[in-house]
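A.B. asks: Got a structure for you, questions after.
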Amino acid sequence: MTETVNLQDLDPQFKDEVAAEPGCQHLWRCFACGVCTATCPVSELTPGFSPSQIIRQVLYGQRAALLSSPALWHCAGCARCSFQCPQDVRFLDIIQGLRHLALRDGFISPARAARLARGERLIQELRRRLIGEILSGPEELEVKDALARLAGEED
Amino acid sequence: MATIRPLDRVAHPRVLVVGGGIAGIQAALEAAAAGLPVTLVEAGFSIGGRMAQLDKTFPTNDCAMCILSPRMLEISRHPLITIQTSTQAIEVQGRAGDFQVLLSRRPRFVDVGKCTGCGECARVCPQNLPDPYNLGLSQTKAIHVPFPQAIPQAAYLTPEACRIFRGKSCEACIKVCPAGAINLKEAAVEWTESVGAIILALGAAPAPAGDFPGYGHPDVVTSVEFERLLSATGPQGGKLVRPSDHTEPSRLAFIQCVGSRDPQAGAAYCSTVCCMASLKEALVAREISAGKVESTIFYMDLRAQGKGYEGYLEQARGHGVALVRSRVTAVTPRPQGGVLVRFTDAHGRPREQPFDLAVLSVGLRPGRTLPAWVRRLGLGLNEHGFIKTSPLLQVTTARPGVLVCGAAREPMDIPESVTTASAAAAVASRLLTTASRTWAPKTQPALSRVADLPPRIGVFLCHCGTNIAKTIDLAKLATAVAQLPGVAHVEDNLFSCAVDSTTRMRETIQTQRLNRVVVAACSPRTHEGVFREVLAAAGLNPGYFAFANIREQCAWVHQTEPAAALTKALDLVAMAVSRAAVLTPIQPQSFPVIPRALVLGGGVAGLSAALTLADQGFHTYLVERQNSLGGLARELFFTLEGPDPQEFLHGLQAAVYRHPNIEVHIQTELIKLTGHVGQFKSTVRRLTLDGLKERELSHGVIVVATGGREFRPQGRYLYGEDPRVLTQRELEGKINFCDLDLPKVRQVVMIQCVGSREPDHPYCSRLCCSQALKNALLLKERYPLMRITILYRDLRAYGFRESYYVKAKDQGVTFIPFEAARPPRVAAARRRPLTVWVEDELLDQAVALPADLVVLSTGIEPAAGSDNLAQQLRVAQTLDGWFQEAHQKLRPVDSATEGVFLCGVAHYPKSLGETAAQAQAAAIRAAGILFQTELLAGEMVARIIPEACRRCLACVELCPFGAVTLSDAKPEVRLEVCRGCGVCAAECPAGAIHMSRGADPELAAQIEAAFGGEMRTGGD
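Keeping their order, the protein sequence lines are chains Y and W.
Quick note: the first sequence uses the numbering used here, first residue 1205, plus one each step.
Quick note: the second sequence uses the numbering used here, first residue 549, plus one each step.
If you want it as structure tokens, here you go:
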């Protein structure tokens, strides 16, 4: 084991708090079966992001560790996890709930959260334009170059 | 709590068994053994049910058909049982003891009475259709025998596929049928049966896999299809190839919980059998591929809670079966064949792995005809769509006189199906106590004195349609056989087993004055009984019959070499003829049965068994070591499902004490046992105010219900050192007595598998997961703010217990898995809560959980003194000390010692309801012996030639059944105990022991015939 978590780092109220967030009431039901993680396109690319781990941390009550974790902000919101879960645990809602708590409890400043939201919108915009470029551009289009060009235009 | 009480008025003793799977077969055999005539109706064209489609069975890896088929033959020959296939009930009227059931048989277009199952029709039929027996993985014909071992052995015609029914001209099958059995004008028939009780054995169906993403791909099969792919009788003849390109797969993925533990797919429950089935399929695949196949099982909780299952799981692990705790909800086909499986590894990382073949381990759903039955009989369905029963009285339904067994009430494996089937028959027999009983005639074989006469041997050669005749020239064979010494008559028949042939055979025996008979045909396993009956009917002792198998052992395996096959057939017949010449008559001895029973143990198992026996009219001694009845159940105050165990226990106790046929002996122990089935003598010692008193009891059977005890975890997890560490049983007591400390408890940590699944106790104690769920739910109900964490390895909430697992989660109980290699640790600090350290593999962290109370889910051990008792009873024990049944699948309550039956926790840990059902099962098995006034000793017995005996007493030592005893310092075989295993004869240094059948002269005669000359006999 690389790390130990002590009693004082655990907040027994935390999971109740999360479950009270909108859409999170089925949090308890998690079987830890791992379907959410296996179907998550972000987990595949992001080493620090695992829905299974996040739920386990909630159940333990690792409030500070989780709410200050960058992992919360990696979810792309595709909701595949929520569609696949046999227990109807809506992981996307849980992420939203955790982000809300992180903001409320000051683990992230409102300004930074606003910047993350803005970043999300920019990425969406970039994505929309990149897809347009790939579909309408020449057959031999180099995707990386196109992306760099579009990103440059954003500034 | 409703208890079972015999009916006052019984109009009809007949029992209707609905469903011809293993449960229905068992229920029918059991009821018939209790003297109740049975009608068994099966909607399909053969009995056998799902088990007939399985390749092997866990945990013994027995071939399913090899153990099922003898049962199917037994039931088909039983004089008290009528089998009606392609038959369904349409209407039921009346009440318990007097039901009228309207039955309807759809046409099979083949007369079952005439058809011999030769298969000629299927050979000539031009119309192919997917074979339902192989789930469409292979083709069969529009008319065919359902499967080679089908009962009845008769073809059926599928009108939707038949050319004639589609207006085309074709009469191929009608023209070729040698028995004239095909009748295209057959119409549906309806008739009414009057019965006293109805046993529903409607079974379960595999869950549909159609919605599973990826299932359409040929390399994704269901576990049932995979059974057929593995099977020697399957579409690939037992060679494992993947369907897409017929190459041998090397990587298999087993996906668990397809259609189970998934409310959205319509099944919130656990199907109980699939984890074990996948382990078995992985092991069988490895075996038939000579170790080349590597399997990975993707599971949520590996549920191996049955007897011997944990060992099987470890065996699979040892053979390299990879176990991955991750649910898989889709597989992606790959362009090059096979599939990709995405899963989450133990550290919470997504992974992707290619496999050659994916097996979807499909769950069990209620049987197809179940809803109609429930409507017809006004029975309740439970929330999962199965027939509703009480958790404590598992086989009784809402309607009196209607019983249920097998997977129609809850998904269950074969041993449990068999057990509940026996239990259902037990209840039927109790209800119908006042009914008149019918007994199959038991006739002593004729003692025709032919031993001294020169042999006149009749040889009957069978064509078996074309099965044998196609390969072997029977005319040539007959000519050659006629030259053999002693042969007085030779003839060949198209079907020797057909009614016309057997009638003629009987006449021939008499007119030709034959004194030995040889039939050269198929297997003695299926047909020896048929021909023995012919001999008996002709007044000839059936001992003078010899069988030569020229079908399976010759014609079938040498189809391409007819000349060599003829030579071999002649050898086989010559061997049988030589053997026939030296055969001796069978003279089984009979002895009376003492119609009383001894039940050892006064817990729920013993009480239930005693009541079942006593209600059927048998005087029963109930012997309990403690000073009160009740056993382990005395400390049970709640059940997971709700019913009050104390009320149940008190009901049983009151009924036992009231019962005129039961003698209760408390503070009494068995100290000595002699005798054998039918005639046991036991000495019991009772502690009385005047000291120890001994008494001798004589009885025909013994039911062992001696229970078990809770494992005491002294010194582990601070148990016994810190008062805040309890066992689940102690916690249950505190909850029941409203312990004043409980309201102060804020955090509870429960630790599973203490004294289970560890080196000293390598088995799963089956109950502890349910017990933890029960106590967690009770605590949550009383103290909603209490925080409960359950640390577990696999949460084995099998069957409908799954709902309580989900309920506990819903109420906020946290479940954290741990690895066996890294168990939790408990630490105590002064004036602070306890700390439970758990090493979390998912987070790769050691987490410290605070606990005001640590509750250990301790396992169950065999009762003290079990080893000693096992020796007295000559009953084997498993390595873990549980009493060993005769066969784990199909004889789950019989011990290997005849007349001794097992039930309850003494057999293996089980719930109250399971215990009561198994006790009823053991009791009806025991009653099956007591109902017989006389027992016949086996025909295969050992005989000691006193003059040759050197009194080394090796036989006394070696006999596994205790059949050889000393009388005047001379060993003597008690024929009624001898099972004819031959161990003594093989070991006897003086050659003084001979077996009554298969003795040296028979073997020598056969060997001589095989080698065509004199052979040196041993002994010098």
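All C-beta atoms in this analysis are idealised placements derived from N, C-alpha and C, irrespective of residue type, glycine included.
#1: By the three-class DSSP mapping on this structure, what secondary structure does ASP1442 of chain W have?
#2: Does the count of Cβ pairs from the stretch 1425-1435 of chain W and the stretch 1116-1123 of chain W closer than 8 Å reach three?
#3: Tell whether a beta-carbon distance below 8 Å holds between ALA878 of chain W and THR844 of chain W.
#4: Look up ALA971 of chain W in the DSSP assignment and give the residues it is bridged to.
#5: Along the stretch 1226-1242 of chain Y, what residues have a CB closer than 9 Å to any CB found in chain W?
#6: Any beta-carbon of chain Y closer than 8 Å to the one on MET848 of chain W?
#7: Kindly indicate which three-state DSSP category ARG1564 of chain W falls into: helix, strand or coil?
#8: In chain order, what are the residue ranges of uninterrupted alpha helix (DSSP H) at least 4 long that sit wholly in the stretch 812-862 of chain W?
#9: Where does the unbroken alpha helix (DSSP H) through PHE1559 of chain W begin, and where does it stop?
#10: Counting Cβ pairs, one atom from each stretch, are 3 or more of them under 8 Å apart for the stretch 1214-1232 of chain W and the stretch 1430-1438 of chain W?
#11: I want to know whether the stretch 626-643 of chain W touches the stretch 1446-1462 of chain W - three or more CB-CB distances under 8 Å.
#12: DSSP three-state label for GLN1466 of chain W, please.
#13: Does the beta carbon of LYS1357 of chain W sit closer than 8 Å to a beta carbon anywhere in chain Y?
#14: Residues in the same chain with beta-carbon distance under 6 Å from LEU1514 of chain W, minus the five sequence neighbours each way, listed in chain order, please.
#15: In three-state DSSP terms, what is GLN1058 of chain W?
#16: Helix or strand or just coil, what does DSSP make of VAL1423 of chain W?
#17: Consult DSSP for PHE1008 of chain W and reduce its assignment to one of helix, strand or coil.
#18: Quick check on SER1256 of chain Y - is its C-beta less than 8 Å from some C-beta in chain W?
#19: To which residues of the same chain is ALA550 of chain W closer than 8 Å at the C-beta, ignoring the five residues directly before and after it?
#20: According to DSSP, MET1334 of chain W sits in a beta bridge with which residue or residues?
#21: Report the option in W:SER1443, W:GLU842, W:PRO797, W:ARG809 whose CA atom is closest to the CA atom of ILE851 of chain W.
#22: Quick check on GLY896 of chain W - is its C-beta less than 8 Å from some C-beta in chain Y?
#23: Between the C-alpha atoms of THR1565 of chain W and GLU1556 of chain W, what's the straight-line distance to the nearest angstrom?
#24: Buried or exposed for LEU1333 of chain W, going by 16 or more other Cβ atoms inside 10 Å?
#25: Between THR877 of chain W and chain Y, is the shortest Cβ-Cβ distance under 8 Å, so that the two count as touching?
#26: If you pair each beta-carbon of the stretch 904-913 of chain W with each one of the stretch 770-789 of chain W, do three or more pairs fall below 8 Å?
#27: Return the chain-ordered ranges of every beta strand (DSSP E) run that is complete within the stretch 1482-1507 of chain W and spans a minimum of 3 residues.
#28: Starting from SER1351 of chain W, find everything on chain Y with Cβ-Cβ shorter than 9 Å and list it in chain order.
#29: Taking beta-carbon pairs under 7 Å, can you tell me which members of the stretch 1323-1346 of chain W lie near chain Y?
#30: May I ask you to list the residues that DSSP assigns as paired with LEU1404 of chain W?
#31: Specify whether the stretch 736-749 of chain W and the stretch 649-656 of chain W touch according to this definition: at least 3 beta carbon pairs, one from each stretch, less than 8 Å apart.
#32: Any beta carbon of chain Y sitting closer than 8 Å to that of ARG882 of chain W?
#33: List the residues of chain W whose Cβ lies closer than 8 Å to the Cβ of GLU1248 of chain Y, in chain order.
#34: Counting pairs of beta carbons, one from the stretch 1318-1333 of chain W and one from the stretch 1290-1308 of chain W, are three or more of them closer than 8 Å?
#35: State the DSSP-derived secondary structure class of MET599 of chain W, mapped to helix, strand or coil.
#36: Is it true that the CB of GLY583 of chain W sits closer than 8 Å to the CB of ARG978 of chain W?
C.D. replies: Inspection of the coordinates gives the following:
#1: Translated into positions along the second sequence, residue 1442 of chain W becomes position 894. Collapsing the DSSP output to three states places ASP1442 of chain W in a strand.
#2: Judged by Cβ distances under 8 Å, the stretch 1425-1435 of chain W makes no contact with the stretch 1116-1123 of chain W, as fewer than three pairs qualify.
#3: The residue given as residue 878 of chain W occupies position 330 in the second sequence. The residue given as residue 844 of chain W occupies position 296 in the second sequence. A distance of 8 Å or more separates the beta carbons of ALA878 of chain W and THR844 of chain W.
#4: As a first step, residue 971 of chain W must be located in the second sequence, where it is residue number 423. ALA971 of chain W pairs with nothing; no bridge assigned.
#5: Result list: HIS1230, TRP1232, ARG1233, CYS1234, PHE1235, ALA1236, CYS1237, GLY1238, VAL1239, CYS1240, THR1241, ALA1242.
#6: Counted from its first residue, the second sequence places residue 848 of chain W at position 300. By this cut-off, MET848 of chain W is an interface position.
#7: The residue you call residue 1564 of chain W lines up with position 1016 of the second sequence. In this predicted model, ARG1564 of chain W has a pLDDT of only 39, less than 50, meaning its place in the structure is not dependable; the value taken from the coordinates is given anyway. When secondary structure is reduced to three states using DSSP, ARG1564 of chain W falls in the coil class, being assigned neither helix nor strand.
#8: Counting only runs of 4 or more, we get 822-836.
#9: Locating residue 1559 of chain W in the second sequence gives position 1011, where the first residue counts as 1. Segment 1548-1559, the alpha helix (DSSP H) holding PHE1559 of chain W.
#10: Between the stretch 1214-1232 of chain W and the stretch 1430-1438 of chain W, the count of C-beta pairs closer than 8 Å stays below three; the two stretches do not touch.
#11: The stretch 626-643 of chain W is not in contact with the stretch 1446-1462 of chain W.
#12: Start at 1 with the first residue of the second sequence, and residue 1466 of chain W comes out as number 918. Three-state result, GLN1466 of chain W: helix.
#13: Locating residue 1357 of chain W in the second sequence gives position 809, where the first residue counts as 1. With respect to chain Y, the C-beta atom of LYS1357 of chain W has a partner C-beta closer than 8 Å.
#14: As a first step, residue 1514 of chain W must be located in the second sequence, where it is residue number 966. A distance below 6 Å between beta-carbons, with the five flanking residues on each side excluded, links LEU1514 of chain W to no residue of its chain.
#15: For the purposes of this step, residue 1058 of chain W is identified with residue 510 of the second sequence, where counting begins at 1. In this structure, GLN1058 of chain W counts as helix in the three-state DSSP scheme.
#16: Taking the second sequence and counting its residues from 1, one reaches residue 1423 of chain W at position 875. If DSSP states are grouped into helix, strand and coil, VAL1423 of chain W belongs with coil.
#17: Within the second sequence, numbered from 1, the residue matching residue 1008 of chain W stands at position 460. Three-state DSSP puts PHE1008 of chain W in a strand.
#18: The sequence position of residue 1256 of chain Y within the first sequence is 52, counting from 1. At least one chain W Cβ lies under 8 Å of SER1256 of chain Y.
#19: Residue numbering aside, residue 550 of chain W sits at position 2 when the second sequence is read from its first letter. Here the model assigns ALA550 of chain W a pLDDT of 49, short of 50, so the residue's position is not dependable, and the following value carries that caveat. Cβ contact annotation for ALA550 of chain W (same chain, cutoff 8 Å, sequence separation greater than five): SER938, LEU941, THR944, in chain order.
#20: Taking the second sequence and counting its residues from 1, the one referred to as residue 1334 of chain W is at position 786. Partner(s): none; MET1334 of chain W has no beta bridge.
#21: For this step, residue 851 of chain W is matched to residue 303 along the second sequence. Looking at the sequence itself, residue 851 of chain W is Arg, so the reference to Ile does not match. With distances taken between CA atoms, ARG851 of chain W lies nearest to W:ARG809 out of W:SER1443, W:GLU842, W:PRO797, W:ARG809.
#22: As a first step, residue 896 of chain W is located in the second sequence; it is residue number 348 there, counting from the start. Interface annotation, GLY896 of chain W: in contact with chain Y, CB-CB separation under 8 Å.
#23: If you number the second sequence from 1, residue 1565 of chain W lands on position 1017. If you number the second sequence from 1, residue 1556 of chain W lands on position 1008. Low confidence applies here, because THR1565 of chain W scores a pLDDT of 40, under 50, leaving its location unreliable; read the following figure in that light. Put simply, the backbone Cα of THR1565 of chain W is about 10 Å away from that of GLU1556 of chain W.
#24: Numbered from 1 along the second sequence, position 785 holds the residue referred to as residue 1333 of chain W. Taking every protein chain shown into account, the CB of LEU1333 of chain W has fewer than 16 other CB atoms within 10 angstroms, so this residue is exposed.
#25: For the purposes of this step, residue 877 of chain W is taken as the residue at position 329 of the second sequence. With respect to chain Y, the C-beta atom of THR877 of chain W has a partner C-beta closer than 8 Å.
#26: Proximity of the stretch 904-913 of chain W to the stretch 770-789 of chain W meets the contact definition, three or more beta-carbon pairs being nearer than 8 Å.
#27: As far as the stretch 1482-1507 of chain W is concerned, its whole beta strand (DSSP E) runs of at least 3 residues are 1482-1484, 1490-1492.
#28: As a position in the second sequence, residue 1351 of chain W is number 803, starting the count at 1. Within 9 Å of the CB of SER1351 of chain W, no CB atom of chain Y is found; the nearest one sits about 12 Å away.
#29: Correct list: ARG1335.
#30: Translated into the one-based positions of the second sequence, residue 1404 of chain W becomes position 856. Bridge partners of LEU1404 of chain W: W:THR1275, W:ILE1299.
#31: Yes, they touch.
#32: Your numbering for residue 882 of chain W matches position 334 in the second sequence. It does not: the Cβ of ARG882 of chain W has no partner Cβ on chain Y nearer than 8 Å.
#33: Walking along the first sequence from the start, residue 1248 of chain Y turns up at place 44. Correct list: PRO898.
#34: As far as the Cβ criterion goes, the stretch 1318-1333 of chain W touches the stretch 1290-1308 of chain W, which means the pair count is three or higher.
#35: Taking the first residue of the second sequence as 1, we reach residue 599 of chain W at position 51. Correct three-state label for MET599 of chain W: helix.
#36: To locate residue 978 of chain W, count along the second sequence from 1; it is residue 430. To locate residue 583 of chain W, count along the second sequence from 1; it is residue 35. No. Outside cutoff.
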